[in-house]
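Read through the structure below, which is laid out as structure tokens, and then see the notes.
In the working numbering, the protein residues as written are 91 to 288.
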């Protein structure tokens with residue numbers, strides 16, 4: 091009997107604490123800790139929430155940041171990323187992927203692809219509702235399915251976006267300064283005429 095009363099005391103304590111403790115600041119308005127009626131109601135996603143990866147493009151879809159270096163595919167632990175580099179009409183490789191597939195049935199959402207990418211081309215998204223009518227085909231995302239704008243990235247992760255854009259801006263300034271130095275060194279220096287001899 092004493093054990094039952096102790097258990098009920100703990101339950102009563104947690105019930106009353108749900109109205110007062112700062113775990114849920116909105117407890118008094120909502121009437122305590124309640125279940126969110128998903129999918130009609132949705133909680134806001136936190137900025138640090140990570141799920142499946144997506145590819146970033148600047149401006150238009152043709153300006154995809156991915157240069158098809160294959161680092162993300164090599165670093166991926168379950169090997170769910172498949173990349174084929176695009177080529178021009180003469181067969182020379184281009185710095186963009188022709189095929190970029192991710193099998194979400196295999197992807198474990200670890201984020202190593204994002205960490206490994208030196209070009210800031212792949213990031214983890216907030217999208218988690220990816221169900222489809224069948225088991226396999228709809229969960230293999232192709233390049234065009236994965237492409238999202240930098241505006242989308244800025245919306246879901248503003249802190250990371252600001253830091254990355256600041257770093258990219260500094261890198262571009264350093265590169266421009268280095269090119270200006272090389273061009274200045276390549277310019278022919280004016281010859282000073284020899285001094286006349288007496």
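Every residue, glycine too, gets a C-beta built ideally from N, C-alpha and C.
In the same chain as residue 198, and ignoring 5 residues on each side of it, the C-beta atoms closer than 6 Å to its own belong to 168, in chain order.
Between the region 214 to 221 and the region 166 to 181, the count of C-beta pairs closer than 8 Å stays below three; the two stretches do not touch.
Just measuring C-alpha positions, the residue of 145, 105 and 281 sitting nearest residue 201 is 145. According to DSSP, residue 143 shares a beta bridge with 214.
For residue 161, the enclosing alpha helix (DSSP H) begins and ends at 161 to 165. Secondary structure note for residue 194: it is in no alpha helix (DSSP H), with a DSSP letter that is neither H nor E. Rounded to the nearest angstrom, the gap between the Cα atoms of residue 206 and residue 164 is 9 Å. Leaving aside the five residues that flank residue 171 on each side, the residues in its chain whose CB is nearer than 6 Å to its CB run, in chain order, 162, 163 and 192. For residue 176, there is no enclosing alpha helix (DSSP H); the residue is found in the beta strand (DSSP E) stretching over 171 to 177. In the DSSP assignment, residue 154 forms a beta bridge with 147. With a cutoff of 8 Å on beta-carbon distance, residue 189 and residue 212 are scored as not near each other. Nearest Cα to residue 139 within the set 215, 276 and 150: 215. Just so you know, the alpha carbons of residue 154 and residue 148 end up roughly 6 Å apart. In this structure, residue 233 lies near residue 187, with their beta-carbon atoms less than 8 Å apart. At a Cβ-Cβ threshold of 8 Å, residue 151 and residue 237 count as neighbours. Shown here, residue 109 sits in a helix according to DSSP, grouped into three states. DSSP places residue 237 in the uninterrupted beta strand (DSSP E) bounded by 237 to 239. Counting C-beta atoms within 10 angstroms of its own C-beta, residue 231 has 16 or more neighbours from the protein chains shown and is therefore classed as buried. Secondary structure note for residue 131: it is in no alpha helix (DSSP H), with a DSSP letter that is neither H nor E.
In this structure, the beta-carbon distance from residue 159 to residue 203 does not fall below 8 Å. The three-state reading of DSSP puts residue 278 in coil, since its state is none of H, G, I, E or B.
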